[in-house]
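A.B. asks: I'd like to ask you about the structure that follows.
Below, the structure written as structure tokens:
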């Protein structure tokens, strides 16, 4: 059974249908990419799956269980994590604390115990600090660990979001344009990082505009155009599909 | 950070509170110190809500009023033990907060400010109008607070009671901020959608911290009532809410030390300015405006940044 199944999913905002009857399935352990021209509905699709929007129609199943319309914080419990196209970093916290927030659900969130600082809470927090440190090293941010997030450069924040998402120990990770706004060297580093993540048994679903990166690392690719599924297949199949070429280049085939 | 080093600020505060009586010349100064402590404890709770979680409340004096009047009414008219009345007041304030919090926290920004403002005003009006119980605008006397046959009376005894509560609140607030619960609070302030995706049930956290701050505001209302021995509806009114809010902002949003500094300064300032006779409100207002122009983040965060320390670590 596929880890994630999307079935006839639609979302309309007033009269505009941003996503229309999209179906696909993502198998465990793959890097699955969603591409399409600007405004094709990629981010809307992400927001639907990760619970930020409620679908107008259709179903989404994770591990066979329907998750359509479930709130984001409940989806996190099911092992779903994501990053954002427009950065959603907590600028009022340090880089390390941002990563620690990612592990929220693995911790004791009791208010009274926190106020009285029960020994268990302090101990677990100091373990978590080490783990968060390790994750920052994994994404290549070790030199920023003690800095406030607000004083980090843009490229580093992109990777900080990935570290935070990984702290949740997700089974499926959604990356919304992780290379957007990065130069080619930084994009290469993200490329490498996504491979490392996928190598650690995390299923990765990726929205990305950088075609070189997508073609390089994706096991399967879904192409959206005007909210509809254009095609789906391996990098080679997608590259040679005349509809895809038409959608991107606007030629009449 | 070692366990001992972590507690340095607590030890410093304890030292200050212990040594302060040596330099307080008379009961007038004790009285000011007590009022500072009461405000500081309320402001610590309010800053968790406003500064750390980023949710505004312009009606917090309402909760102070609930506690004050519970301690005034329940013992004198229903024969309750004062401690029980204090607990009941805090329970009522928490319940009101919990009931109104869910609809209120669907609102953001100005709307949230208006809703909490309205809540505070409603509580103040109820207190003013239920004259049969509350004595109306004239207020009512409050029985002294007895603990196991021992009655707290006089500024010196109250000073030690409040020093102990303040120390505990300071310790608890610092613990809370540096815990998974506190990180979730700060995270939902930083990015609500990101914290949701990480599994933070943001509505629950906002409601919980609102209830907690209402609980402490009510307790301090009870303490104020017993300490002064008399309550008037002023304790619940809008101006008191604004005063508390100003302490948070001037001291520094999202700063535990700032809460203390804000409460101390804004309690002392009107006393210090009383020499201006008639102009003290103008002087008070001018100082606030200058503060906000030159230190919009509040005293403690601004000074911490100026002296080159990492502001994120200095709370």
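Chains as they are written, first to last, in my numbering: chain A, 27 to 279; chain B, 35 to 349.
Glycine included, every Cβ here is placed at the ideal spot set by N, Cα and C.
Under 8 Å between C-beta atoms, does residue 110 of chain A make it to chain B?
C.D. replies: If you number the first chain from 1, residue 110 of chain A lands on position 84. Judged by the 8 Å Cβ criterion, residue 110 of chain A is in contact with chain B.
A.B. asks: With a 10 Å radius around its C-beta and 16 neighbouring C-beta atoms as the bar for buried, classify residue 203 of chain A as buried or exposed.
C.D. replies: The residue labelled residue 203 of chain A in the question sits at position 177 within the first chain. Buried: at least 16 other Cβ atoms inside 10 Å.
A.B. asks: Kindly list, in the order they appear in chain B, the residues whose Cβ is closer than 8 Å to that of residue 135 of chain A.
C.D. replies: Against the first chain, residue 135 of chain A aligns to sequence position 109. Within 8 Å Cβ-Cβ: 214, 215 and 218.
A.B. asks: Is the CB-CB distance between residue 203 of chain B and residue 78 of chain B below 8 Å?
C.D. replies: Taking the first residue of the second chain as 1, we reach residue 203 of chain B at position 169. Taking the first residue of the second chain as 1, we reach residue 78 of chain B at position 44. Yes, the Cβ-Cβ distance between residue 203 of chain B and residue 78 of chain B is below 8 Å.
A.B. asks: Could you name the residues of chain A that residue 232 of chain B contacts, counting a contact when the two beta carbons are closer than 9 Å?
C.D. replies: By one-based count along the second chain, residue 232 of chain B stands at place 198. Per Cβ cutoff of 9 Å: 98, 99, 102, 107, 127, 128, 129, 130, 131, 190, 191, 193 and 194.
A.B. asks: Please name the residue or residues paired with residue 123 of chain B in a DSSP beta bridge.
C.D. replies: Taking the second chain and counting its residues from 1, one reaches residue 123 of chain B at position 89. For residue 123 of chain B, which the question treats as bridged, DSSP gives no partner whatsoever.
A.B. asks: What are the boundary residues of the alpha helix (DSSP H) that includes residue 104 of chain B?
C.D. replies: Taking the second chain and counting its residues from 1, the one referred to as residue 104 of chain B is at position 70. 94 to 112 is the span of the alpha helix (DSSP H), which, as asked, contains residue 104 of chain B.
A.B. asks: Does residue 281 of chain A come within less than 8 Å of chain B when only Cβ atoms are used?
C.D. replies: The requested residue 281 of chain A does not occur in the structure, where chain A is confined to residues 27 to 279.
A.B. asks: Express the C-alpha separation of residue 226 of chain A and residue 329 of chain B in angstroms, rounding to a whole number.
C.D. replies: Indexing the second chain from 1 puts residue 329 of chain B at position 295. Indexing the first chain from 1 puts residue 226 of chain A at position 200. C-alpha separation (whole angstroms): 47 Å.
A.B. asks: So with CB distances below 9 Å, who are the chain B contacts of residue 197 of chain A?
C.D. replies: Translated into positions along the first chain, residue 197 of chain A becomes position 171. Within 9 Å Cβ-Cβ: nothing; residue 197 of chain A doesn't reach chain B, min ~14 Å.
A.B. asks: By DSSP's criteria, residue 174 of chain B is part of a beta bridge. Which residues make up the other side?
C.D. replies: One-based indexing of the second chain puts residue 174 of chain B at position 140. DSSP output for residue 174 of chain B lists B/265 as bridge partner(s).
A.B. asks: Please list, in chain order, the chain B residues whose beta carbon lies closer than 7 Å to that of residue 153 of chain A.
C.D. replies: For the purposes of this step, residue 153 of chain A is taken as residue 127 along the first chain, with counting starting at 1. Those do not exist, as residue 153 of chain A stays about 12 Å from chain B at its closest Cβ, beyond 7 Å.
A.B. asks: Using beta carbons (cut-off 8 Å, strictly below), is residue 115 of chain A in contact with chain B?
C.D. replies: Counting from 1 along the first chain, the entry for residue 115 of chain A is found at position 89. For residue 115 of chain A, the answer is yes, since a Cβ of chain B falls inside 8 Å of its Cβ.
A.B. asks: Please report the residue range of the beta strand (DSSP E) in which residue 106 of chain A lies.
C.D. replies: As a working mapping, residue 106 of chain A is identified with position 80 in the first chain. Residues 106 to 108.
A.B. asks: Are there 16 or more other CB atoms within 10 angstroms of the CB of residue 126 of chain A, so buried, or fewer, so exposed?
C.D. replies: Position 100 of the first chain, counted from the start, is the residue given in the question as residue 126 of chain A. Counting Cβ neighbours within 10 Å, residue 126 of chain A comes out buried, since at least 16 surround it.
A.B. asks: Under three-state DSSP, which class holds residue 142 of chain B?
C.D. replies: On the second chain, position 108 is the one that residue 142 of chain B refers to. If DSSP states are grouped into helix, strand and coil, residue 142 of chain B belongs with coil.
A.B. asks: Do you know how far the Cα of residue 219 of chain B is from the Cα of residue 163 of chain B?
C.D. replies: Counting from 1 along the second chain, the entry for residue 163 of chain B is found at position 129. Counting from 1 along the second chain, the entry for residue 219 of chain B is found at position 185. Distance between the alpha carbons of residue 163 of chain B and residue 219 of chain B is about 37 Å.
A.B. asks: Using 8 Å as the limit for Cβ to Cβ distance, is residue 78 of chain A near chain B?
C.D. replies: Residue numbering aside, residue 78 of chain A sits at position 52 when the first chain is read from its first letter. Output row for residue 78 of chain A: interface = yes.
A.B. asks: Between residue 178 of chain A and chain B, is there a C-beta pair that is closer than 8 Å?
C.D. replies: As a first step, residue 178 of chain A is located in the first chain; it is residue number 152 there, counting from the start. Chain B contact via Cβ: absent.
A.B. asks: Taking the C-alpha atoms as reference points, what is the distance between residue 59 of chain B and residue 247 of chain B?
C.D. replies: Translated into positions along the second chain, residue 59 of chain B becomes position 25. Translated into positions along the second chain, residue 247 of chain B becomes position 213. When rounded, the distance between both Cα atoms is 33 Å.
A.B. asks: Pick out the complete alpha helix (DSSP H) segments inside the segment 164 to 218 of chain B, 4 residues or longer, and give them in chain order.
C.D. replies: Listed in chain order, they are 165 to 168 and 188 to 211.
A.B. asks: Taking Cβ positions only, does residue 227 of chain B come closer than 8 Å to chain A?
C.D. replies: The residue labelled residue 227 of chain B in the question sits at position 193 within the second chain. With 8 Å as the cut-off, residue 227 of chain B counts as an interface residue toward chain A.
A.B. asks: Quick one, are the C-beta atoms of residue 122 of chain A and residue 162 of chain A less than 8 Å apart?
C.D. replies: Looking up residue 122 of chain A in the first chain gives position 96. Looking up residue 162 of chain A in the first chain gives position 136. In contact: residue 122 of chain A and residue 162 of chain A (Cβ atoms closer than 8 Å).
A.B. asks: Thinking C-alpha only, which one of B/229, B/150, B/313 and B/196 is nearest residue 64 of chain B?
C.D. replies: Within the second chain, numbered from 1, the residue matching residue 64 of chain B stands at position 30. Nearest option by C-alpha distance: B/196.
A.B. asks: So which residues of chain A does residue 224 of chain B contact, with C-beta pairs closer than 9 Å?
C.D. replies: Taking the first residue of the second chain as 1, we reach residue 224 of chain B at position 190. Correct list: 114, 115, 116, 117, 118, 119, 124, 127 and 175.
A.B. asks: Any contact between the segment 266 to 279 of chain B and the segment 86 to 97 of chain B? By contact I mean 3 or more CB pairs, one from each, below 8 Å.
C.D. replies: Touching, yes, given that three or more Cβ pairs across the two stretches are closer than 8 Å.
A.B. asks: Evaluate residue 277 of chain B with the Cβ neighbour count: other Cβ atoms within 10 Å of its Cβ, from every protein chain shown; 16 or more gives buried, anything less gives exposed.
C.D. replies: Numbered from its first residue, the second chain carries residue 277 of chain B at position 243. So residue 277 of chain B ends up on the buried side.
A.B. asks: Would you report the Cα separation of residue 297 of chain B and residue 221 of chain A, rounded to the nearest angstrom?
C.D. replies: If you number the second chain from 1, residue 297 of chain B lands on position 263. If you number the first chain from 1, residue 221 of chain A lands on position 195. Taking the straight line joining both Cα atoms gives about 53 Å.
A.B. asks: Mind checking if residue 271 of chain B is an interface residue toward chain A, Cβ cutoff 8 Å exclusive?
C.D. replies: Counting from 1 along the second chain, the entry for residue 271 of chain B is found at position 237. Taking Cβ atoms only, chain A never reaches closer than 8 Å to residue 271 of chain B, which makes this a no.
A.B. asks: Can you tell me whether DSSP reads residue 115 of chain A as helix, strand or coil?
C.D. replies: Position 89 of the first chain, counted from the start, is the residue given in the question as residue 115 of chain A. Three-state result, residue 115 of chain A: coil.
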